[in-house]
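Asks: Yeah, the sequence shown ends on 117 if you go by this note's numbering, and it's all consecutive.
All C-beta atoms, glycine included, are put in the ideal place defined by N, C-alpha and C.
Quick caveat, the model's predicted, so the values are computed rather than measured.
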Amino acid sequence: MASLNKVLSNPGFKFNRADSDALANVWRSIDAQDMAINWVISARLSNLPMW
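#1: Could you pull out every residue in the same chain whose Cβ sits closer than 7 Å to the Cβ of residue 101, ignoring the five residues on either side in sequence?
#2: State yes or no: is the beta carbon of residue 113 nearer than 7 Å to at least one beta carbon in chain E?
#3: For a test of the three-state rule: what should DSSP assign to residue 80, helix, strand or coil?
#4: Hey, could you find the ends of the alpha helix (DSSP H) residue 69 is sitting in?
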């Protein structure tokens with residue numbers, strides 16, 4: 067998110083509202099995918115036997 071904020075705060079780079087919304091949606095989708103993958107991994111690890 068910091069990299070997106072850095073790009074959007076650059077005064078020489080022009081973004082319209084639709085572009086900003088599209089990028090925000092993509093960023094949320096990537097975050098949701100990452101959270102889902104982490105959840106699956108932790109669920110699988112929690113089912114491992116403890117020695």
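Replies: Reading it off the structure:
#1: none
#2: The structure shown contains no chain E, having only a single protein chain.
#3: coil
#4: 68-74
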